[in-house]
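Written below as structure tokens is the structure these notes are about.
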DNA sequence: CAATTCTTTGAAAGCGCTTTGGACGCGGCG
DNA sequence: CGCCGCGTCCAAAGCGCTTTCAAAGAATTG
């Protein structure tokens, strides 16, 4: 069933039917009724491509997910982010098109998406500290929003980010307040912008108390369980001044650290303290009422919802100033932190 | 830059340019050269919508991801599956459009996707034991492929599935061979088809050795870490005949079981054996050379690649018989299994 | 060399929609 | 009474492609 058939069926012109369906005023209430009734009786849905061709809008937004070749990992937060964003798109009649693209192909893909007219805007994921993609996108003139930021990029662009620096500063401060002085920091890959911000938060908090950061306590790797386990185990069994606390970048890493800690016969929250960032992933809940891990929490699903909203606004009104949004990640207290065991020794 | 401009620029008709670009034979090699050179000089990409409108093909496939309201969890395997599928689509010039849809809205969304002409085919995720969606899709006449199967649905449809029954039978047999008799089974939600097949594999293996399955040892819940932890802890600290082995449905659950086991001062692979299914997720690797967990392993990313391939084939030739594919999930031996501790007592 | 077939090109229709530019009838106004 | 404005509606152009049908020149054939 298409417009032509529907309008013939109704004895009206395509014009009138189209107008009735799209809520234009120059059509009488009576015929609008007739039309809408007939339309959903016959289950009529305007063809997206035809509509898009006529209007010049695709009614679709793109998500370009980076899939590095070296470490071919799909970021586990991605499902939840997409799920949040998808909600917003669906509610606004937009489709979501996904491209899994290797880093080096990204410029090409952006250009193609634009030239082919597949989408009206896109969300860029996984910004590095100095990410050329932002410049490319700016030149393209396609509305876009970055999930995260890119520290070394100057000039405006829209973004939505978690306040990683303040979150990790707060987490470090809590550990310091609890008497910890040797705090291990298991960061994500520091080519990623969010990771460098976290490091700044951590180091800043230490510096503010006159504590020099010790490179022996800092790591930067892909956030896996075994990274947490291996590193924690190595650090805790090293001779010398072992850490009494860990600050880590994700729940998955935290689980690895916990495993090492318990395997060594130590108890989390008593012998060793641990704070992690918690993206509040649907399949990786941090306990119930009382969280297992003390954490800086920020729902990535909410972020997705919000990011989508901001992008749609920008698509609607490209003239408006670039929206930006910094989400705070409050510290939630769980059972993995406690005073330094020899605090009063 | 569109066809019209490009052809004017070349002093050719749109017809000829279009033909040259699409590899039709009735165009001289010389002009084809001229055209292709000019085309990628000007970075010309045919507009998808216009092309789609003219050809009747969308050059896009859909993935409909269920997001139940009750347990609003996005399946963690989803990112890897999509990533595999996306690879195949990209290589074949197809776009991937994603819809996150609540269960009850799925029929409507399928119909809309079809009516709006957004996609040429779709992949359905998360089939239940008796899933009406398959009937709906069959009636729609849109090529589709199910990731998984639906036991109670009769008649043909295309699917790609892991041989869950045989995998869990093999796993159970291994545990039995090791002398375990009380084997706890932490299954996923048994409304899901894959979960019932796993149960059949487990129970079948027990029955074959004349062991009655004990409902006290079987659970069926959403596959979270705390599910594994809570259940294992409860079972292991119960009075009476505690299990000596666990068979679980996912790495995440397995991590919970491991936590409980270690917290109780027991050692995995010695005091307690554990086998899990391992989807080989990129961010949840099961160790390196020697896996941590003995597991039935089947890469969900490979599954995505393959599923996409099968769907595209079906789109290309709708007359062909419905493709189906059953992947085996071989048992890989890790460090979490060992002989029953009192095997020679 | 004329008749025929190939090769190469183009004009124009059509895909399903939106939107511009009227047209038509009606009541109100000067 | 003639004119204007308003409320409704429609015909047709246009969005950027593909594809049918036709044409014109080149090559082949008897």
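Chains as they are written, first to last, in my numbering: chain H, 722 to 1066; chain L, 722 to 1066.
Ideal placement from N, C-alpha and C gives every residue a C-beta, glycine not left out.
Kindly indicate the opening and closing residues of the beta strand (DSSP E) around residue i.
i, result
"residue 844 of chain H", "842-846"
"residue 904 of chain L", "904-908"
"residue 817 of chain H", "816-822"
"residue 882 of chain L", "879-883"
"residue 774 of chain L", "No beta strand (DSSP E) holds residue 774 of chain L; the alpha helix (DSSP H) holding it covers 769-776."
"residue 940 of chain H", "939-941"
"residue 752 of chain L", "Note, residue 752 of chain L: premise wrong, no beta strand (DSSP E); alpha helix (DSSP H) at 750-762."
"residue 958 of chain L", "Premise fails: residue 958 of chain L lies in the alpha helix (DSSP H), 946-958, not in any beta strand (DSSP E)."
Here's a check: name, in chain order, each residue in its chain whose Cβ is nearer than 8 Å to the Cβ of residue i, leaving out the five neighbours to either side.
i, result
"residue 1066 of chain H", "Bear in mind that the predicted position of residue 1066 of chain H carries a pLDDT of just 45, short of 50, making it too unreliable to give a figure here."
"residue 946 of chain H", "973, 974, 976, 977 and 980"
"residue 1058 of chain H", "895, 896, 899, 966, 990, 994, 995, 996 and 1015"
"residue 734 of chain H", "728"
"residue 927 of chain H", "893, 897, 904, 933 and 934"
"residue 948 of chain L", "907, 940, 942, 974 and 977"
"residue 938 of chain H", "903, 904, 905, 906, 956 and 964"
"residue 950 of chain H", "977, 978, 980 and 981"
Apply the 10 Å Cβ neighbour rule to residue i and answer buried if 16 or more other Cβ atoms are within range, or exposed otherwise.
i, result
"residue 1081 of chain H", "The requested residue 1081 of chain H is not part of the displayed model; chain H covers only 722 to 1066."
"residue 796 of chain H", "buried"
"residue 931 of chain H", "exposed"
"residue 738 of chain H", "buried"
"residue 769 of chain L", "buried"
"residue 732 of chain L", "exposed"
"residue 743 of chain L", "exposed"
"residue 808 of chain H", "buried"
"residue 1007 of chain L", "buried"
"residue 890 of chain H", "buried"
"residue 1054 of chain H", "exposed"
"residue 745 of chain H", "exposed"
"residue 864 of chain H", "buried"
"residue 1035 of chain L", "buried"
"residue 762 of chain L", "exposed"
Between residue i and the rest of its own chain, which residues show a CB-CB distance below 6 Å, the 5 nearest in sequence each way excluded?
i, result
"residue 940 of chain H", "907 and 952"
"residue 828 of chain L", "857"
"residue 871 of chain L", "848, 852, 855 and 914"
"residue 759 of chain L", "731"
"residue 771 of chain L", "none"
Note the first and the last residue of the continuous alpha helix (DSSP H) segment covering residue i.
i, result
"residue 920 of chain H", "914-929"
"residue 732 of chain L", "Segment: none, residue 732 of chain L is in no alpha helix (DSSP H) and carries neither H nor E."
"residue 974 of chain L", "972-984"
"residue 834 of chain H", "827-837"
"residue 807 of chain L", "799-812"
In the DSSP output, what is residue i paired with across the bridge?
i, result
"residue 999 of chain L", "L:1018"
"residue 859 of chain H", "BP columns for residue 859 of chain H are empty, so no partner."
"residue 783 of chain L", "L:818 and L:843"
"residue 873 of chain L", "Paired residues: none, contrary to the question."
"residue 932 of chain L", "Residue 932 of chain L is not bridged to any residue."
"residue 994 of chain H", "H:966"
"residue 866 of chain H", "H:844 and H:879"
"residue 1045 of chain H", "H:880"
"residue 1053 of chain H", "H:1016"
"residue 1029 of chain H", "BP columns for residue 1029 of chain H are empty, so no partner."
"residue 892 of chain H", "Paired residues: none, contrary to the question."
"residue 742 of chain H", "Answer is none; residue 742 of chain H lacks a bridge partner."
"residue 989 of chain L", "L:993"
"residue 886 of chain L", "Looking at the DSSP assignment, residue 886 of chain L forms no beta bridge with any residue, so it has no partner."
Got a sec? Which residues, its chain only, sit under 7 Å from residue i by beta carbon, not counting five neighbours each side?
i, result
"residue 892 of chain L", "968, 996, 1017 and 1052"
"residue 798 of chain L", "1000, 1002 and 1021"
"residue 835 of chain H", "861 and 863"
Is residue i near the ligand FMN, judged by its Cβ being under 6 Å from some heavy atom?
i, result
"residue 938 of chain H", "No copy of the ligand FMN appears in this structure; indeed no ligand is present at all."
Where the segment 834-868 of chain L meets chain H: residues whose CB sits under 8 Å from a CB there
836, 837, 838 and 839
Pull out every residue of the segment 813-825 of chain L whose Cβ sits closer than 9 Å to any Cβ of chain H, in chain order.
816, 817, 818, 819, 820, 821 and 822
Along the segment 953-974 of chain H, where does the CB come closer than 8 Å to a CB of chain L? Name the residues.
973
Given a limit of 9 Å on CB to CB distance, which residues of the segment 1003-1024 of chain L reach chain H?
1003, 1004, 1005, 1006, 1008, 1009, 1013 and 1022
Mind listing which residues of the segment 757-781 of chain L have their C-beta closer than 8 Å to chain H's C-betas, in chain order?
764, 765, 766, 767, 768, 769, 770, 771, 773, 774, 779 and 781
With 8 Å as the C-beta to C-beta threshold (strictly closer), list the residues of the segment 788-813 of chain H near chain L in chain order.
788, 793, 794, 795, 796, 797, 799, 800, 801, 803, 804, 807, 808 and 811
Could you name the residues of the segment 976-988 of chain L whose beta carbon sits closer than 8 Å to any beta carbon of chain H, in the order they occur along the chain?
976, 979, 980, 983 and 984
If the cut-off is 8 Å on Cβ atoms, which residues from the segment 918-950 of chain L count as contacting chain H, listed in chain order?
944, 945, 946 and 947
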